[in-house]
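Participant: To start, I am sharing the structure in question, which I have written as C-alpha cells.
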Amino acid sequence: MPLIRGGRGSVAPGATPPPVLEDSDAESRWAAARALAGKADAVPELAAALRRETVPRVREAILTALIRTGGSASAEAIVPFLRSEDAGLRAAVIDALQALPSAITPMIAQLFSDPESDVRLLATELARNLKASDATRLLCDLIEHEPHPNVCAAAIEVLAEVGTPEALPVLERCSVRFSSTPFLPFAISIAIARISGAEG
Amino acid sequence: MVEVDATTKARILVVDDSSLVRLYYRSTLERAGFEVEQAINGIEAMERVLSQPIDLVIVDINMPRMDGFTFLRALRCGPSDISSLPALVVSTESEMQDIAEARASGANFYLIKPVAEAELVRHVCVLTGVSL
Amino acid sequence: MDDREERGSRAVRISSEELERFCDFLYRRTGLSFSESKRYFIDRRLEERIAATGSPSFQAYFSLLRADADHEIEFLINSFTVNETYFYREDHQLRCMTSSLLGAIVEQRPPGSTLRIWSIPCATGEEPYSIALWLMENWPQVDNYNVEIVGSDIDTRALRAAAEGIYGDRALMRLSRGIVDRYFKPVADGKHEIDEGLRNSIEFTRANVIDPKDMARYRDFDLIFCRNVLIYFDDASRRQAAENLYDCLRPGGYICLGHSESMSRISPLFRVCRFPDAIVYQRPEADHG
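Protein chains in written order, with this note's numbering: chain D, 17 to 216; chain Y, 36 to 167; chain B, 4 to 292.
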C-alpha cells in the first residue's frame with residue numbers, strides 16, 4: 017500500500033548551529049527571531065534587527081517576537097517604524113500594533129498629535145481597539161484640530177464603526193470645514209447616519 | 036418600463052482598507068454603469084483578479100497585510116491573464132518618490148486622495164477604454 | 004400580555020445602519036460578505052447572538068463583539084458558516100490536490116520518494132481519511148510514491164474517535180456506494196468502520212497549531228490542510244500559527260484553508276496560487292527582498 021505511516025519529518029535539534037539575528041542568511045535570521053519570541057531582554061536586539069531587515073517574512077517574525085513579549089517596551093520599539101518610507105514596513109507595523117491593544121492605548125493620544133500627518137493617519141486605525149467612548153473622544157479631538165483632509169477621513173472611517181452620539185456635532189463642524197473637498201462630505205454623511213441610526 | 040442595459044461597461048476592482056472609500060468608489064462607479072468588486076488589501080485583491088475577469092484595479096497604497104506597491108509588483112509578475120491589468124493608484128501619499136515608486140511597481144496612473152467623483156470616472160473611462 | 008408577546012416586544016430590533024456597521028465589521032474581520040438578498044439570514048443570526056449573549060441592545064452586543072469577549076467572534080462565525088464535518092467535504096480542494104498540486108510537487112521528486120500531507124485540525128478524522136481515500140481513488144501515480152498522512156488536533160477525544168474510524172451515515176453521505184463498500188465495513192448501530200489498513204496508515208497526533216514547541220516537531224510537509232481554524236484566532240495567535248505552519252512546510256509546499264477563509268485576513272507569508280479547482284497558498288520557494 018502506498019500510504020505509509022511515517023514520522024513527523026526530519027527534525028534534528030542541536031545538529032545545526034544556533035540561528036543568529038545578524039546572519040547573512042534570511043532563514044537563519046527568521047529562526048533567530050522566532051527563538052527570541054517572548055524574551056523581554058531581547059527587545060532592543062529585535063528592534064535593531066527590524067531597522068536593518070529587508071526580507072518581509074523575517075520582518076514579520078521579528079514583529080511577532082516583539083508581540084509575544086508584549087508590553088510598552090515592545091510597543092515603543094515598534095511605533096517609530098510608522099515613520100518608515102517603506103509602505104510594506106508601515107503595513108506590517110500597523111498590523112503588529114493592532115495585536116498590542118493594551119500596550120498601545122496610552123500612546124494613541126500622543127500619536128494623534130504627532131507632527132507628521134502620515135503618522136496621525138496611520139494611528140487612527142489603532143483607535144478601533146478602544147472602548148467606544150474612549151475612541152470617540154480621542155478621534156473627535158483629532159478631527160477638531162486636524163487640517164489634513166485625509167487624516168480626518170481616516171478618523172471618520174473609524175468613527176463610522178465605533179462612534180457614539182458625542183461625535184455628531186464634531187462631524188457636523190467637520191462637514192462645514194471640508195464642504196468643498198471631495199469625498200469628505202460623503203464619508204461624514206455615512207458616519208453621521210451610522211451613529212444616529214444606532215438605537216442602543 | 037425600465038430599460039435594462041444588459042452589458043455593463045467594465046468590471047472594476049476597488050482595493051482599499053477603508054470601507055467608506057470603497058463605498059464612495061462603488062456608488063460613483065456603479066452610477067456610471069460599471070460593475071464593482073472590492074478587496075480590503077493586496078492579498079484579497081490578488082485572489083479576486085485570479086478568480087474573476089477584472090478590467091481595471093483601483094488600488095490604495097497603505098493597507099494592512101499587503102500594501103499596494105507589493106500587490107502591483109506581484110500582479111505584474113503574475114500569470115499572463117492578469118499581468119497587464121491596468122492599475123490606477125489612488126493614495127494619500129503625495130511625494131514625488133511615491134509616484135515614482137508607483138510607476139516602478141507597474142501602476143498606469145496615479146491620483147492623490149481625496150478624489151472627486153468626476154475625476155475618478157474620467158480616469159476609469161480612459162483606463163478601461165470606455166466612453167460615457 | 005402573554006409570555007410570547009412580552010418576549011416579542013423586548014426583542015432587539017436592528018436598524019439598517021446597525022446592520023451596515025455589523026456587516027462592515029464582519030467583512031473586515033473575516034472576509035465574509037453577503038448580498039442584499041441575504042439580509043434576512045444575517046438579521047436572524049445576529050438576533051440569535053444578541054439573545055445568546057444576553058445583550059440588551061445591538062450596541063451592547065457590538066461592543067462585546069469588537070472586544071471579542073468570551074470568544075464571541077468564534078460563536079458568531081460558527082453561526083454564519085456550515086461546520087459539519089463529513090467525508091469529501093470541500094472536495095474541490097481534494098480535486099486540486101490530485102489534478103494540480105501533487106503533480107507540481109513530484110515534478111522534482113524521483114519515484115519512491117515520500118510525500119507528506121498534514122490535516123490539522125483533523126477533528127474526528129474525516130479529513131485525513133478523505134485525503135487517503137481520494138488519493139487511492141483518483142491519483143494514478145499513488146503507487147509510485149510513499150505517502151505519509153498525519154492527522155493532528157488539540158482535542159484528544161476527537162483523536163481517539165479518529166483512530167477508531169467509526170462513522171455514521173451523515174459523515175459518509177458524499178461517498179459513493181462503491182467507495183463505502185470497498186473501504187468500510189458495517190458495524191453496530193448502523194455505523195461503518197473504515198478499513199484497518201487505512202486506519203493504520205494515518206498517524207494521529209495531538210498538536211496545537213499555535214504552540215511553537217508542538218509545531219517544531221513537524222517538518223517537511225508538502226501539503227497542509229488547515230481548514231476552518233485560523234479565522235477564529237486573535238491577531239497574536241494567527242500570526243504565531245501562520246509562522247508555525249510556514250516552518251512545517253517545505254519551500255514550495257502548499258496550504259489549503261477553509262472555503263470561506265482567506266490569507267488576506269490571516270498572514271502575508273504565503274503566495275496566492277490559482278489552479279483550475281481551487282485557490283491555495285504556497286510557501287515561496289525562495290525569499291524576495
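The beta carbon of each residue, even a glycine, is placed where N, CA and C say it ideally should be. Computed from a predicted model, the values in this text were never measured in an experiment.
1. Are the C-beta atoms of Pro60(D) and some chain Y residue less than 8 Å apart?
2. Quick one: is Glu160(D) buried, meaning 16 or more other Cβ sit within 10 Å of its Cβ, or exposed?
3. So for Arg307(B), helix, strand or coil by DSSP?
4. Classify Glu51(B): buried if its beta carbon has 16 or more other beta carbons within 10 angstroms, exposed otherwise.
5. Can you pull out the residues from the region 123 to 148 of chain D whose beta carbon lies closer than 9 Å to at least one beta carbon of chain Y?
6. Within a Cβ cutoff of 8 Å, which residues of the same chain sit near Asp280(B), ignoring the five residues on either side of it in sequence?
7. Give the straight-line distance between the Cα atoms of Ile152(B) and Gly213(D), rounded to the nearest whole angstrom.
8. Do Ile258(B) and Ile80(B) have their C-beta atoms within less than 8 Å of each other?
9. What residues in the region 66 to 81 of chain D have a beta carbon less than 9 Å from any beta carbon of chain B?
10. What is the DSSP secondary structure of Ala74(Y), reduced to helix, strand or coil?
11. Given Glu61(D), which residues of its chain have a CB within under 8 Å of its CB, disregarding the five upstream and five downstream residues?
12. Is the separation between the beta-carbon of Glu141(D) and that of Asp27(B) shorter than 8 Å?
13. Output yes or no for whether 8 Å exceeds the beta carbon distance between Ile120(B) and Asp225(B).
14. Work out the CA separation of Ile78(D) and Arg67(D) for me, nearest whole Å.
15. Is Thr208(B) near Ser265(B), with beta carbons less than 8 Å apart?
16. Just by C-beta distance, which residues in the region 239 to 272 of chain B are closer than 7 Å to chain Y?
17. How many angstroms separate the CA atom of Ile94(D) from the CA atom of Pro143(B)?
18. Under 6 Å Cβ to Cβ from Val84(Y), same chain only, skipping five residues before and after it: list those, please.
19. Does DSSP classify Glu79(Y) as helix, strand or coil?
20. With DSSP collapsed to three states, give me the class of Ala122(Y).
21. Does Arg210(D) have its Cβ less than 8 Å from a Cβ in chain B?
22. Specify the secondary structure class of Val156(Y) as computed by DSSP and reduced to three states.
23. Once you ignore the five residues that flank Gly168(B) on each side, which residues in its own chain have a CB closer than 6 Å to its CB?
24. Would you tell me roughly how many angstroms separate the C-alpha atoms of Glu9(B) and Ser18(B), rounded to the nearest one?
25. Can you find the residues in the same chain that come closer than 7 Å, C-beta to C-beta, to Met123(D), ignoring five residues on each side of it along the sequence?
26. Reducing DSSP to helix, strand and coil, say where Tyr89(B) ends up.
27. Do the CB positions of Ile123(B) and Val212(B) come within less than 8 Å of each other?
28. Per DSSP, what are the beta-bridge partners of Ile169(B) in this structure?
29. Compare the C-alpha of Asp130(D) against each of Ser40(D), Pro198(D), Arg84(D), Arg99(D) and name the closest.
30. Listing by chain order, which chain B residues have their CB less than 9 Å from the CB of Ala119(D)?
31. Do Leu91(Y) and Pro121(Y) have their C-beta atoms closer together than 8 Å?
32. Anything in the region 66 to 86 of chain Y with a Cβ closer than 7 Å to a Cβ of chain B? List those residues in chain order, please.
33. Quick one: what does DSSP say Ile296(B) is sitting in, helix, strand or coil?
34. Do Tyr59(Y) and Phe199(D) have their C-beta atoms within less than 8 Å of each other?
35. Please confirm whether Glu72(Y) and Ser267(B) have their CB atoms less than 8 Å apart.
36. With 8 Å as the threshold, decide whether the Cβ of Ala169(D) is near any Cβ in chain Y.
Facilitator: So, from the data block:
1. no
2. exposed
3. Lying before the first or after the last residue shown, residue 307(B) is absent from chain B, which here runs from 4 to 292.
4. exposed
5. Ser133, Asp134, Leu137, Leu138, Glu141
6. His95, Gln96, Arg98, Cys99, Ser102, Ser103
7. 53 Å
8. no
9. Thr70, Val71, Pro72, Arg73, Val74, Glu76, Ala77, Leu79, Thr80
10. strand
11. Leu37, Leu52
12. no
13. yes
14. 10 Å
15. no
16. Ser265, Met266, Ser267, Pro271
17. 51 Å
18. Ile117
19. helix
20. strand
21. yes
22. helix
23. Glu196, Ile197, Arg202
24. Confidence at Glu9(B) is low in this model, with a pLDDT of 43, below 50, so the placement of that residue should be treated as unreliable; the coordinate-derived value is given next. One C-alpha to the other measures close to 20 Å.
25. Ala91, Val95
26. coil
27. yes
28. Glu196(B)
29. Arg99(D)
30. Ordered by position in chain B, no residue passes the 9 Å Cβ test against Ala119(D), which lies about 12 Å from the chain.
31. yes
32. Ile75, Asn76, Ile78, Glu79, Met81, Glu82, Leu85, Ser86
33. Lying outside 4 to 292, the shown extent of chain B, residue 296(B) is not represented and no answer is given.
34. yes
35. no
36. yes
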